[in-house]
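Residue numbers (this note's numbering): 291 to 542. Just below is one structure, and these are the notes that go with it.
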Ligand code: ADP
Ligand code: MG
């Protein structure tokens, strides 16, 4: 039965992807980002041009300092580019003020950080349900419980972050990121601080959630095994987009 559901979900997600084939969820148009330094402006992202297809999973790879986190932050409207525009869903971050951005993010965007960023004074359940209360969702507590059950934490609802392992904290963070049923999810090295087994579980969870909900995902990762399972790999080096390819396994 479970297998049948998985297959049906996969077919549905594939169909959604097919229908949306010419649709992009995110578009970076001539993006540049610079910071002032003693020696003048330092360009940490240079002329990034790319479109991310709705429903797809894209990985961003590249050496440390190549601009991956900066690019993700600009994509999620957490920061402003020095040049160019970032268009997201049917909008553009540049056309929104701070309040509008916060509202748009709470409605449509999920973000998973490398270091989890859970609120330490709240339980797992509270970490997931509070954003839902803020969105005015009536059955917030039940939805939060359902999400935590889905990520395998039904027995950990009342644990505080310090009482959870790294992998469990990341699963809470993923449940929280999915709470608003985001159209697009950004994850910055979601398995970077985890051991191999926990990392594998988190990967599988992200892929399952993508299949189930058709969520567009953009993942920064150093994990080539993870990158090779995504639809597309974007490679950054020195702030430039130097390669944009389909993994070998996907292309066959
Ligand atoms: P990555 O995530 O690929 O490791 P980052 O996007 O974090 O890289 O950083 C890219 C470059 O931008 C780095 O060289 C970093 O030092 C620089 N950088 C990031 N944030 C700032 C900032 N607030 N001020 C100055 N330089 C920054
Ligand atoms: Mg980074």
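Beta carbons: idealized from backbone N, C-alpha and C, even for Gly.
query                                                                                                                                                                                             : result
Out of curiosity, what's the CA-to-CA distance linking residue 527 and residue 533?                                                                                                               : 9 angstroms
Using the rule of at least 16 other Cβ atoms within 10 Å of the residue's Cβ for burial, across every protein chain shown, is residue 380 buried or exposed?                                      : exposed
Given a cut-off of 9 angstroms on the beta-carbon distance, is the pair residue 521 and residue 409 in contact?                                                                                   : no
According to DSSP, is residue 365 part of a helix, a strand, or is it coil?                                                                                                                       : helix
Regarding residue 407 and the ligand MG, is the C-beta to nearest heavy atom distance less than 8 angstroms?                                                                                      : no
Grab the span of the beta strand (DSSP E) containing residue 337 for me, first residue to last.                                                                                                   : 330-343
Taking the Cβ atom as the reference point for each residue, do residue 337 and residue 322 lie within a distance shorter than 9 angstroms?                                                        : yes
Report yes if the C-beta of residue 570 is less than 8 angstroms from at least one heavy atom of the ligand MG; otherwise report no.                                                              : Since the first residue of the chain shown is 291 and the last is 542, residue 570 is not available in this structure.
In whole angstroms, give me the CA-to-CA distance for residue 437 and residue 329.                                                                                                                : 49 angstroms
When DSSP labels each residue in this structure, what does residue 535 get in the three-state scheme?                                                                                             : strand
Quick check on DSSP: helix, strand or coil for residue 526?                                                                                                                                       : strand
Would you call the CB atoms of residue 476 and residue 441 closer than 9 angstroms?                                                                                                               : no
How about the stretch 380-393 and the stretch 450-463: do they share at least three Cβ pairs that are nearer than 8 angstroms?                                                                    : no
Please write down, chain order preserved, every residue whose beta carbon lies under 6 angstroms from a heavy atom of the ligand ADP.                                                             : 325, 334, 352, 354, 355, 356, 357, 358, 359 and 360
Taking all protein chains shown into account, decide if residue 524 is buried (16 or more other Cβ within 10 angstroms of its Cβ) or exposed.                                                     : buried
Residue 421 by DSSP, collapsed to three states: which one?                                                                                                                                        : helix
Return helix, strand or coil for residue 377, following the three-state DSSP convention.                                                                                                          : strand
Per DSSP, what are the beta-bridge partners of residue 323 in this structure?                                                                                                                     : 335
Express the C-alpha separation of residue 400 and residue 468 in angstroms, rounding to a whole number.                                                                                           : 6 angstroms
Where does residue 326 land, buried or exposed, given buried means 16+ other C-beta within 10 angstroms?                                                                                          : exposed
Could you give the first and the last residue of the continuous beta strand (DSSP E) run that contains residue 400?                                                                               : 399-402
Might you give, ordered along the chain, the residues of its own chain that have their beta carbon closer than 7 angstroms to the beta carbon of residue 435, omitting 5 neighbours on each side? : 415 and 447
The beta strand (DSSP E) that contains residue 476, what's its start and end?                                                                                                                     : 474-478
Run the CB neighbour count on residue 358, radius 10 Å, all protein chains shown included, and call it buried at 16 or more, exposed below.                                                       : buried
What is the DSSP secondary structure of residue 455, reduced to helix, strand or coil?                                                                                                            : coil
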